[in-house]
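Protein chains in written order, with this note's numbering: chain A, 21 to 305; chain B, 456 to 766.
In this text, a Cβ means the ideal position worked out from N, Cα and C, and glycines have one as well.
Report on the structure given below.
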Amino acid sequence: MEHSSLAGRIFRGVALSLILIFFMFPIVWIFLMSFQNNDQILRIPPRILFEPTLANYEALISGQLRTAAGNLQISFMRNLFNSVVLSSAAVLLALLLGVPAAYAFARFKFRLGETIAFTLLSFRFAPPLLVLLPLSLYYQELGLNDTYFGIVWVYQLIALPLILWIVRGYFEDISPDIEHAYRLAGHSWREAFTRIAVPLAGPGIAAAGLLSFIFCWNNFVFALILASADKQPVTVGALAFVTASGIQYGQIAAAIVLSVTPTLLLALYAQRYLVEGLSLGAVKG
Amino acid sequence: MSMVQLLQTNAQAAPAKPRPRVRLLPYLLSLPALLVCVAILVPFVTAAVYSLQRYRLNLPYLRGFIGAGNYIDFLTDPAFWNTLQISITYTAVTVVVELLLGLGIALLLRRPTRFHNAVSIMLLLPLMTAPAIAALMWKLMTNPSFGILSYFVGLFGVTDFKWASDPSTALFTVVLVDVWVYTPFIMILLLAGLRSLPRQPFEAAALDGVPASFVFFRITLPMLAPYIITASLFRLLDSIQQFDIIYAMTQGGPGDRLMVFQVQAYLEFFQYTNVGRSAALLMILWLITNILSNIFIKNWLRLRARAHGHA
């Protein structure tokens, strides 16, 4: 099966190098760009060696953008803060709602449970706008438009199926005998749930939580429709920033770096669980 | 039988377990998830109703039931056929390219060496980048005046290559971004699948000196098929609904060159305030995804049962 011939090894080496260049180059290039000023960026031919500047990050953090036309107020830090608040709250809520439900689906076979589990799963694959557009009209009537709660609520569409199906798999992998034994010793189901089942499924719950966080953070369309400027996360904010700042390419690159760093670090930390999470528990890594 | 007797017989049958509470328990535990489901179903049904109405936000007094009117209008509307064609092309091209590339990479990284594992972890990074942000990254790299990729194609004598802003290359550009983001998805699913295959058939083939191409087409591919099908359906379902990359890159332009379903529906709603038409478009998209997701869920359940060790 393994090509150990010289030609085979050269082919594999070249192929892997091309693949690494294609997938890594954009990240490296934008990272470098974020430390350049506009003159350096616009220079042709582009140079790999340059004098790095932190001015782009300073401008983003201070919220003051100096352009040829004058000073521009930017609220990118606000977007970053919104992303943290929205994604964390959405994941906490989804864990609170999802973990007990996942436990119920794993331990008790009941028809309603299957219906709920599959309804949520099928909505994972339904066009998000189908729910969002009517919802935006409802939200306007209910006063939920442009509130953190309203956005966190729809983020359940992303986080809940993920948590339900992954955590359910972990609960199913734990033998119910342990809990039975614990209950025979006179403990209530609540104690069996909190002291036996949840700690045993802990790694799965943590992984599902981290992945949901990444997916909520990366979401774009929900907040695009339901949030105005001061509630927008980085994904929507970065796009608005491109329009507003025009030709401040260095700042755009810096904004991109700030937007993706948290999820990339989390992904590296949770990479062991990514396969399982991405396939909703169908493929184990 | 009196109530007391009934309770007594029940108590005798199951002396230790408080039965009624246990039966109620699963419903109580899943109640919150149920509420979320209902909260999703309400706007969904509303959308279905809107799709049967003449409903424009700027002309509220014209609102009324028109049956399948919105759908019938699509039949003679070139914009609709354009949307359908672009969506299908985009989906077909992205899924085929990502599948071939992802399979190729997975095969290259098959042996679990430290280097291969490091590469597969690095390839996760594009997948974990928000697609809308990924589009912005590529926008910076394909900028006609300073973009590094424009510079590279210039080195090969191709000047005036306008990437996403030229109708003839716009589709290619967004497909490129989609491939960059999502190929790793197929790669890691197939890599996990490849590494979970039993070793015996491969060892036996090696002992018998079976040629590599025969091993690949007759052993590897058939055994990997469930993973390939699940990964492709996953991507098919997401790709036909692509919004983020296209919207962030060109908002459906230039002209109507990239008007896929969701971008068209978004503009129909917010730009032309035609709620009825927008809802009808989304219902058609939902119908397509629903058929695909039913096939998908069957395959996915089979794989999941295998992964969790119960058939």
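For residue j and residue i, believed in contact at Cβ under 8 Å, the rounded distance
i        : j        : result
B/Lys594 : B/Met714 : The Cβ separation is near 19 Å, so there is no contact.
A/Ser25  : A/Val111 : The Cβ separation is near 50 Å, so there is no contact.
A/Gln252 : A/Asn76  : Going by Cβ atoms, the distance from A/Gln252 to A/Asn76 rounds to 20 Å, so no, they are not a contact pair.
B/Val574 : B/Leu564 : 6 Å
B/Ala625 : B/Pro533 : 18 Å between Cβ atoms; not a contact.
B/Pro498 : A/Leu155 : 4 Å
B/Ala734 : B/Ser506 : 4 Å
A/Val280 : B/Ala585 : 7 Å
A/Ala226 : A/Leu184 : In fact, because the Cβ distance is near 15 Å, the residues do not count as touching under 8 Å.
B/Leu737 : B/Ala502 : 6 Å
A/Leu80  : A/Met53  : Their Cβ separation, rounded to whole angstroms, is 14 Å, which puts A/Leu80 and A/Met53 out of contact at 8 Å.
B/Gln696 : B/Thr744 : 7 Å
A/Ile50  : A/Val277 : 7 Å
A/Gly224 : A/Val174 : Contact doesn't hold; Cβ gap of about 25 Å is too wide.
Chain B contact residues for residue i, given Cβ-Cβ distances below 7 Å
i        : result
A/Phe101 : Result: empty, since nearest Cβ-Cβ is about 17 Å, beyond 7 Å.
A/Gly118 : Ala488
A/Ile61  : Phe601
A/Gln176 : Val491
A/Thr139 : Cys492
A/Leu180 : Ala488 and Val491
A/Val262 : Leu591
Contacts that residue i makes with chain A (C-beta to C-beta distance below 8 Å)
i        : result
B/Phe698 : Pro148, Leu149, Phe240 and Val241
B/Ala502 : Leu150, Val151, Leu153 and Pro154
B/Thr727 : It is Tyr, not Thr, that sits at residue 727 of chain B in the sequence shown. Going along chain A, no residue has its Cβ under 8 Å from B/Tyr727, so there is no contact; the nearest lies around 13 Å.
B/Val630 : Those do not exist, as B/Val630 stays about 14 Å from chain A at its closest Cβ, beyond 8 Å.
B/Leu514 : Within 8 Å Cβ-Cβ: nothing; B/Leu514 doesn't reach chain A, min ~15 Å.
B/Leu679 : Under the 8 Å cutoff, chain A gives no residues; its nearest Cβ is about 11 Å from B/Leu679.
B/Ile703 : In the sequence as presented, Ile is not what sits at residue 703 of chain B; that position holds Ala. Phe240 and Leu259, listed in chain order.
B/Ile521 : Chain A residues near B/Ile521: none, gap ~18 Å exceeds 8 Å.
Chain B contact residues for residue i, given Cβ-Cβ distances below 9 Å
i        : result
A/Val295 : Ile643, Leu644, Leu646 and Ala647
A/Leu288 : Ile576, Leu579, Leu580 and Met583
A/Thr283 : Met583, Thr584 and Ala585
Per-residue contacts from residue i into chain A (C-beta, under 7 Å)
i        : result
B/Gln717 : Pro147 and Leu149
B/Ile588 : Thr255, Ala258, Ile276, Ser279 and Val280
B/Pro533 : Neighbours of B/Pro533 on chain A: none; closest Cβ ~22 Å, over 7 Å.
B/Pro481 : Ala124, Phe128, Phe130 and Gly133
B/Phe724 : Leu153
B/Thr744 : Phe145, Ala146 and Pro147
B/Ile603 : Trp49 and Pro66
B/Trp593 : Pro46
B/Tyr721 : Leu149
B/Pro620 : This sequence places Ser at residue 620 of chain B; Pro is not what is there. Correct list: empty, because the minimum Cβ distance to chain A is about 14 Å.
One or two residues paired with residue i in a DSSP bridge
i        : result
B/Phe520 : B/Gln508
B/Asn769 : Residue 769 of chain B is absent from the model: chain B starts at 456 and stops at 766.
B/Asn729 : B/Arg511
Proximal chain A residues relative to residue i, where beta-carbon distance stays under 9 Å
i        : result
B/Arg635 : With the sequence shown as reference, residue 635 of chain B is identified as Trp, and Arg is not the correct amino acid for it. Per Cβ cutoff of 9 Å: Phe42, Phe43 and Pro46.
B/Asn606 : Here residue 606 of chain B is Tyr; the residue named in the question, Asn, does not match the sequence. Under the 9 Å cutoff, chain A gives Ile64, Pro65 and Pro66.
Proximal chain B residues relative to residue i, where beta-carbon distance stays under 8 Å
i        : result
A/Gly301 : Arg759, Ala762 and His763
A/Ile136 : Ser485, Ala488, Leu489 and Cys492
A/Ala249 : Residues of chain B passing the Cβ test: none, with the nearest at roughly 16 Å.
A/Met53  : Leu595
Inter-stretch contact at 8 Å, needing at least 3 Cβ pairs: the stretch 552–570 of chain B / the stretch 631–638 of chain B: yes
Near-chain A residues of the stretch 681–697 of chain B - C-beta to any C-beta below 7 Å: Tyr682, Thr685, Leu692 and Gln696
Segment contact flag, the stretch 196–214 of chain A with the stretch 128–136 of chain A, C-beta cutoff 8 Å, min 3 pairs: no
Contact residues within the stretch 485–511 of chain B, judged by C-beta distance below 7 Å to chain A: Ser485, Pro487, Ala488, Leu489, Val491, Cys492, Ile495, Pro498, Phe499, Thr501, Ala502 and Tyr505
Contact between the stretch 619–636 of chain B and the stretch 687–702 of chain B (3+ Cβ pairs under 8 Å): yes
Under 7 Å (Cβ pairs) to chain A, residues found in the stretch 535–553 of chain B: none
Validate contact between the stretch 482–496 of chain B and the stretch 113–121 of chain A using beta carbons, cut 8 Å, 3 pairs: yes
Touching by the beta-carbon criterion (3+ pairs, under 8 Å), the stretch 137–150 of chain A and the stretch 193–201 of chain A: no
Chain B contacts from the stretch 31–45 of chain A (Cβ-Cβ distance under 8 Å): Arg32, Ala35, Leu36, Ile39, Leu40, Phe42, Phe43 and Met44
At least three beta-carbon pairs within less than 8 Å, the stretch 236–243 of chain A to the stretch 180–194 of chain A: no
Inter-stretch contact (C-beta, 8 Å, three-pair minimum) for the stretch 152–167 of chain A and the stretch 258–273 of chain A: no
Given 8 Å, three or more beta-carbon pairs between the stretch 505–516 of chain B and the stretch 676–685 of chain B: no
Any 3 or more C-beta pairs closer than 8 Å across the stretch 599–607 of chain B and the stretch 662–669 of chain B: no
Segment contact flag, the stretch 68–82 of chain A with the stretch 46–60 of chain A, C-beta cutoff 8 Å, min 3 pairs: yes
Residues of the stretch 205–238 of chain A whose Cβ lies closer than 8 Å to any Cβ of chain B, in chain order: Trp209, Ile234, Trp237 and Asn238
At least three beta-carbon pairs within less than 8 Å, the stretch 671–679 of chain B to the stretch 288–305 of chain A: no
Residues within the stretch 157–170 of chain A neighbouring chain B, beta-carbon criterion of under 9 Å: Leu157 and Tyr158
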